[in-house]
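Participant:
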Amino acid sequence: MIVPHPRTAIRKKAVELLMGNTGVGASVYASRVAPFIVNDWDNQLPAISVYTMGEAGEIHTAAPREYRRTVQLAVEIQGEADEALDDVLDEIARQVELILLRDDTLGGTASDLRYSQTQMVLSEQGKTVIGACRIIFDADYLDEQPGPDFNETLDDLATVHTDYSLAGEQDDPADRASTHLTGLNQ
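In our numbering, the protein residues as written are 1120 to 1305.
#1: For R1184, which residues in the same chain have their Cβ closer than 6 Å to its Cβ, ignoring the five residues on either side in sequence?
#2: Along the alpha helix (DSSP H) that carries L1217, what are the first and last residues, could you check?
#3: Could you say which of R1295, G1302 and G1144 lies nearest to V1215 if we only look at CA atoms?
#4: Measure the C-alpha to C-alpha separation of V1122 and I1254 and round it to an integer number of angstroms.
#5: Assign T1171 to one of three DSSP states: helix, strand, or coil.
#6: From Y1170 to L1137, what distance separates their C-alpha atoms?
#7: When DSSP labels each residue in this structure, what does D1294 get in the three-state scheme?
#8: Buried or exposed for G1139, please, with buried defined as at least 16 other CB atoms from any protein chain shown within 10 angstroms of its CB.
#9: For M1239, which option in G1250, G1245 and V1190 has the closest C-alpha, if you only look at C-alpha atoms?
#10: Assign L1204 to one of two classes, buried (16 or more other C-beta atoms within 10 Å of its C-beta) or exposed (fewer than that).
#11: Closest to Q1191 by C-alpha separation, out of I1129, A1258 and G1227, would be which residue?
#12: Considering only the alpha carbon of each residue, which of D1209, D1222, V1207 and M1172 lies closest to R1126?
#13: G1176: which of A1212, F1256, A1193 and D1262 sits nearest, CA to CA?
#14: Taking the alpha-carbon of G1142 as reference, which of K1131, D1206 and I1178 has the nearest alpha-carbon?
#15: Which whole-angstrom value is the C-beta distance of V1248 and A1200, which I expect to be below 8 Å?
#16: Using only the alpha-carbon positions, how far apart do L1241 and A1166 sit?
#17: How long is the line joining the alpha carbons of I1196 and R1130, rounded to whole angstroms?
#18: Look at the alpha carbon of T1301 and the alpha carbon of A1277, and state the distance between them as a whole number of angstroms.
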């Protein structure tokens, strides 16, 4: 069984925390396109799209290999472009920030969640002009490679045989050490 990517868990947890707890009600989607593929989507505004953007990583532990990764979690609030747009976006943005930063591990899916930046945009979607407030959080998590399911793909270790010589100086095999272990998987 393939373990889902940690980004998926982070995204889904953010949606779970926001669902029904902001001014958009249940219009919270774990996708950057979901709000725009339904008929009459512009009648469902305001809405929130939760998605991930760029990600960076560095080695946290050399062996077994574990990466400390930081993914940008974007929470984009879309609203109809009218004279109340900025106030609506700001109000919902504040709700989002308070909800997500209250649980800075997103239910254990991340080791840390930090506010990074906010971007305000205005765009045309067909006949409708919408405004958006994209709040970007940095979510850190540890990722073991190969993953925990890797061991399931290996055969059981049954026998180990080693021969070794100190710095290769023992020409006579009788002077070399040898180990032979069997029955390890019983």
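C-beta: ideal position from N, C-alpha, C; glycine also.
Owing to the predicted nature of the structure, the values given are computational and were not obtained by experimental measurement.
Facilitator: Straight from the coordinates:
#1: For this step, residue 1184 is matched to residue 65 along the sequence shown. Closer than 6 Å at Cβ, skipping near neighbours: Q1264.
#2: Mapped onto the sequence shown, residue 1217 falls at position 98. It spans L1204 to R1221 - the alpha helix (DSSP H) in which L1217 sits, taken as one unbroken run.
#3: Within the sequence shown, residue 1215 is the residue found at index 96, counting from 1. Among R1295, G1302 and G1144, the Cα nearest to that of V1215 is on G1144.
#4: As a position in the sequence shown, residue 1122 is number 3, starting the count at 1. As a position in the sequence shown, residue 1254 is number 135, starting the count at 1. V1122 and I1254: Cα-Cα distance of roughly 28 Å.
#5: Position 52 of the sequence shown holds residue 1171. Three-state DSSP puts T1171 in a strand.
#6: Stepping through the sequence shown from its first residue, residue 1170 is reached at position 51. Stepping through the sequence shown from its first residue, residue 1137 is reached at position 18. Near 13 Å, if we compare the C-alpha coordinates of L1137 and Y1170.
#7: Working through the sequence shown from its first residue, we reach residue 1294 at position 175. Helix.
#8: For the purposes of this step, residue 1139 is taken as the residue at position 20 of the sequence shown. Burial call: exposed.
#9: Position 120 of the sequence shown, counted from the start, is the residue given in the question as residue 1239. Measuring from the Cα of M1239, the nearest candidate turns out to be G1250.
#10: The residue you call residue 1204 lines up with position 85 of the sequence shown. By the 10 Å Cβ count, L1204 comes out buried.
#11: By 1-based counting over the sequence shown, the position of residue 1191 is 72. Here the closest residue by C-alpha is A1258.
#12: What you label residue 1126 is simply residue 7 of the sequence shown in a count that begins at 1. That would be M1172, whose Cα lies nearest to the Cα of R1126.
#13: Residue numbering aside, residue 1176 sits at position 57 when the sequence shown is read from its first letter. It is D1262 whose Cα lies nearest to the Cα of G1176.
#14: Here residue 1142 is taken as the residue at index 23 of the sequence shown, counted from 1. Of K1131, D1206 and I1178, the residue nearest in Cα terms is D1206.
#15: To locate residue 1248, count along the sequence shown from 1; it is residue 129. To locate residue 1200, count along the sequence shown from 1; it is residue 81. 4 Å between Cβ atoms; contact.
#16: As a working note, residue 1241 is residue 122 in the sequence shown. As a working note, residue 1166 is residue 47 in the sequence shown. Distance between the alpha carbons of L1241 and A1166 is about 15 Å.
#17: Mapped onto the sequence shown, residue 1196 falls at position 77. Mapped onto the sequence shown, residue 1130 falls at position 11. Answer to the nearest angstrom: the Cα atoms are 15 Å apart.
#18: Residue numbering aside, residue 1301 sits at position 182 when the sequence shown is read from its first letter. Residue numbering aside, residue 1277 sits at position 158 when the sequence shown is read from its first letter. Rounded to the nearest angstrom, the two C-alpha atoms are 6 Å apart.
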